[in-house]
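Working notes, beginning with the structure itself.
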Amino acid sequence: MSQDEKISVIFKNSEGEWHTHVAVGDSLLDAARTCDAPVQTLCNGIGACVQCKVKVLENPENLSTPGALETELIGNLYHITQERLGCQARVSGDVIVEPLPARLPKKKRKFGPPRLR
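Residues -18 to 98 in the working numbering are what the sequence shown spells out, letter by letter.
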């Protein structure tokens, strides 16, 4: 596939489907922005918030291999879970993904002596 050819990216979930065409090398987050698909981000796509997770439904081979940052953030079980970060996964061919609900980081619990009331 040449740089000039457009790639079909489909986002699917229980709320509907969003279709777009993007260039080779664009991220799934970039694709989501072109069609208003519900892929969330707090860090604006720099790979810091882990809110842009998607589940790959078809053609995972048409996405870039997870890099060190993505593996550090979501682990190396992508081949089992089929979950990727939209800001890190770059397209090289047609793909269908499911936007996953954004999850806020859990608050760290402080364990210490009980409070006296």
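Each residue gets a CB set at the ideal place from its N, CA and C atoms; glycine is no exception.
- Secondary structure of N(-6), DSSP reduced to three states: strand
- Inter-residue Cα distance where the pair is A70 and S(-5): 22 Å
- Task: Would you check if the distance between the CB atom of L38 and the CB atom of V3 is smaller than 8 Å?
- Result: no
- Query: Should P47 go down as buried or exposed, given a rule of 16 or more other Cβ atoms within 10 Å for buried?
  - Reply: buried
- Query: What alpha helix (DSSP H) runs, 4 residues minimum, are completely inside the segment 21 to 61?
  - Reply: 49 to 55
- Task: In the DSSP assignment, find the alpha helix (DSSP H) that holds R14 and state where it starts and stops.
- Result: L9 to C16
- Message: Check this for me: beta carbons of F(-8) and E(-2), under 8 Å apart or not?
- Response: yes
- Item | Local Cβ density within 10 Å of I61, reported as buried at 16 or more and exposed below that | exposed
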